[in-house]
Amino acid sequence: MTAAVAAGHDYGVGSVPEMKGDLRSDRQDFQQVVLSCNKDGMDLLRSGQYKQAFEQLKYAESLLISKQGEDEPTNLMAVMCNNLGCYYKKVGKLHAALSYLRKALKIEVSLHTDDVTVAGTHLNICAILSKLDKHDKAVQHALCALELINSRVASTGDSVTQDEYSVLAIAYHNVAVERDYMHQWDQAAAAYQQGHLIAKRCLGDQHPLTQTLGKNRDVAQQKSQKYGKERPAAQPAAASGSPPPPPPP
């Protein structure tokens, strides 16, 4: 079982520089084709049509590379890398997924992309690293996401959206899951509790994420009481059961 993913969003879409006349029109047409292929690809991926999804996404990637080169950091390239990362994760090619998501993160940071988008990419990377049993690295990405989304929520005030609160709760959940894997049960329980309080207040008692966080908090507290003092992350897993499942998407 792995950490949850902040999925279902087209992260990385941003504005592009103004251009004049036909050049601007050609550029906009090109961008629309690439974004349309990405949207179609992700819709196909969500519906389980993996082959068709891959064809759409790789076609968009080839168009993008032919137009602007592979190494030019743009919002479109960040979207492309994020979506291909999600595709490869879905089909179980985790190292390919990690490569694309790391590239997306690098581009987003260089372009000063908004905090929610960057947090989502950190959470996607966290989920991949968790699947690869690299929990010490996974928790660092979860903590980065948590810091970013906490900052966003604090600065936004009363205009915070439900999606942003959901990402914040998922970030707490992912931190907790990785702490759980590392047998840091007190810290896991505390993170589950923080996520549960946020989800309960902002999403409601009956929201699946709220209920999952509450149940997982209780399990982590039971483990902490049963197994006593927290163990270091490097110590191999004991027969304490698997970490709790991720929240529903």
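Just so we're aligned: 135 in UniProt numbering is position 135 of the sequence shown, and the numbers increase by one with no gaps anywhere. Where a beta carbon is used, it is the ideal one built from N, C-alpha and C, also for glycine.
Among the options, nearest to residue i - alpha-carbon criterion
{"i": "tyrosine 227", "options": "Asp186, Tyr88, Leu203", "result": "Asp186"}
{"i": "leucine 146", "options": "His135, Cys126, Ser130, Asp133", "result": "Cys126"}
{"i": "valine 34", "options": "Lys137, Gln68, Ile128", "result": "Gln68"}
{"i": "leucine 168", "options": "Arg179, Gln49, Leu213", "result": "Leu213"}
{"i": "arginine 46", "options": "Tyr87, Ile65, Ser62, Val177", "result": "Tyr87"}
{"i": "glutamine 140", "options": "Ala154, Asn124, Ser155", "result": "Asn124"}
{"i": "serine 159", "options": "Cys202, Tyr50, Ser62, Leu63", "result": "Cys202"}
{"i": "leucine 64", "options": "Asp29, Gln162, Arg179", "result": "Asp29"}
{"i": "arginine 179", "options": "Gln221, Thr156, Ser155", "result": "Gln221"}
{"i": "tyrosine 50", "options": "Lys89, Lys131, Ala154", "result": "Lys89"}
Close-in-space but distant-in-sequence residues of the same chain around residue i (CB under 6 Å, 5 per side omitted)
{"i": "tyrosine 172", "result": "Ala191, Gln194, Gly195"}
{"i": "cysteine 37", "result": "Gln56, Tyr59, Ala60"}
{"i": "glutamate 105", "result": "One point to set straight first is that residue 105 is leucine, not glutamate, in the sequence displayed. Thr121."}
{"i": "lysine 41", "result": "A quick correction: the sequence has glycine, not lysine, at residue 41. Ala53, Gln56, Leu57."}
{"i": "lysine 137", "result": "Leu129"}
Contact set for residue i: own chain, Cβ-Cβ below 8 Å, skip 5 residues either direction
{"i": "leucine 143", "result": "Val175"}
{"i": "leucine 111", "result": "Gly14, Pro73, Thr74, Asn75, Ala78"}
{"i": "isoleucine 198", "result": "Tyr165, Leu168, Ala169, Tyr172"}
{"i": "threonine 156", "result": "Glu164"}
{"i": "serine 62", "result": "none"}
Beta-carbon proximity list for residue i, same chain, < 7 Å, skipping 5 on both sides
{"i": "lysine 200", "result": "Thr210"}
{"i": "serine 224", "result": "Trp185, Asp186, Ala189"}
{"i": "aspartate 115", "result": "Leu148, Ile149, Ser151, Arg152"}
{"i": "aspartate 205", "result": "none"}
{"i": "glycine 85", "result": "Ala97, Tyr100, Leu101, Ala104, Asn124"}
Below-8 Å beta-carbon distance, residue i vs any chain C residue
{"i": "lysine 51", "result": "In the structure shown, chain C does not exist; there is a single protein chain."}
To test your reading of the DSSP string, which unbroken beta strand (DSSP E) runs of 3 or more residues are found completely within the segment 180-220? none
Counting only runs that start and end within the segment 28-72, where is the alpha helix (DSSP H) found for 4 or more residues in a row? DSSP runs (the alpha helix (DSSP H)) wholly in the segment 28-72: 50-68.
Check whether the segment 88-95 and the segment 67-79 are in contact - that is, three or more C-beta pairs closer than 8 Å. no
Count the C-beta pairs between the segment 79-90 and the segment 98-109 that are closer than 8 Å, then say yes if the count reaches three, no if not. Yes, they touch.
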